[in-house]
Amino acid sequence: METYLGEADEKVIVIVADGGLNKGTAEQIVQVVQQAIDCGMKGVIIDCSKLDILSSAGLGKMLMLHKKMKQHGGEVKIAGLHGMAVQVLRLTRLDGIFQLYPDVAQARLAFRGT
314 METYLGEADE
324 KVIVIVADGG
334 LNKGTAEQIV
344 QVVQQAIDCG
354 MKGVIIDCSK
364 LDILSSAGLG
374 KMLMLHKKMK
384 QHGGEVKIAG
394 LHGMAVQVLR
404 LTRLDGIFQL
414 YPDVAQARLA
424 FRGT
């Protein structure tokens with residue numbers, strides 16, 4: 314799994330999750346997001362279009378990230394989630410917590426509307 318900053322502007326950062334999302338890689342995302350919060354950013358898009366595996370530990374970290382962003386007046390949007398990962402979110406009803414978008418462009422448009 315590789316996690317890297319895809320792009321950023323003054324309001325939104327895009328983090329690309331490539332491969333699998335587990336406790337360790339989700340922690341990398343949390344660290345990047347903390348830096349973004351410290352810089353005053355309010356929007357995070359996690360690009361999951363290249364994601365193959367989503368572990369329960371990774372989901373737990375994602376929930377923590379959602380809560381942290383919300384406490385700072387921000388939001389997390391998930392783009393490009395597909396396959397079993399979508400089914401996992403639906404089965405656990407986390408699709409009601411996370412805002413899911415088909416791609417990064419749609420998630421960006423949603424931030425412009427807020």
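Under the working numbering, think of the first position of the sequence shown as 314, with each following residue one higher.
The C-beta atom is built at its ideal place from N, Cα and C for all residues, glycine as well.
1. Let me know the secondary structure DSSP gives residue 371 once reduced to three states.
2. Taking the straight line between their C-alpha atoms, what separation do you get for residue 373 and residue 418?
3. Under three-state DSSP, which class holds residue 324?
4. Considering only the beta carbon of each residue, do residue 335 and residue 387 sit closer than 7 Å?
5. Quick check on the burial criterion: 16 or more other C-beta atoms within 10 angstroms. Buried or exposed for residue 403?
6. Can you name, in chain order, every residue of its own chain whose Cβ lies under 7 Å from the Cβ of residue 378, other than the five neighbours on each side?
7. What did DSSP end up calling residue 409 once you bin it into helix, strand or coil?
8. Between residue 424 and the rest of its own chain, which residues show a CB-CB distance below 6 Å, the 5 nearest in sequence each way excluded?
9. Looking at C-alpha atoms only, which residue of 322, 348, 339 is the closest neighbour of residue 368?
10. Quick one: what does DSSP say residue 314 is sitting in, helix, strand or coil?
A quick look at the data gives this:
1. Residue numbering aside, residue 371 sits at position 58 when the sequence shown is read from its first letter. Of the three classes helix, strand and coil, the one that applies to residue 371 here is helix, per DSSP.
2. In the sequence shown, the residue the question calls residue 373 occupies position 60. In the sequence shown, the residue the question calls residue 418 occupies position 105. Roughly 26 Å separates the two Cα atoms.
3. For the purposes of this step, residue 324 is taken as the residue at position 11 of the sequence shown. DSSP places residue 324 in the coil class of the three-state scheme, outside both helix and strand.
4. Taking the first residue of the sequence shown as position 1, residue 335 is located at position 22. Taking the first residue of the sequence shown as position 1, residue 387 is located at position 74. No, these two residues do not count as a Cβ contact at 7 Å.
5. In the sequence shown, residue 403 corresponds to position 90, counting from 1. Classification for residue 403: exposed.
6. Looking up residue 378 in the sequence shown gives position 65. Cβ within range, chain order: 342, 343, 346, 389.
7. For the purposes of this step, residue 409 is taken as residue 96 along the sequence shown, with counting starting at 1. DSSP places residue 409 in helix when its eight states are reduced to three.
8. Numbered from its first residue, the sequence shown carries residue 424 at position 111. Only 325, 356 meet the Cβ criterion.
9. Translated into the one-based positions of the sequence shown, residue 368 becomes position 55. Nearest option by C-alpha distance: 339.
10. As a first step, residue 314 is located in the sequence shown; it is residue number 1 there, counting from the start. Residue confidence for residue 314 is low, a pLDDT of 43 falling below 50, so the modelled location carries little weight and cannot support an answer.
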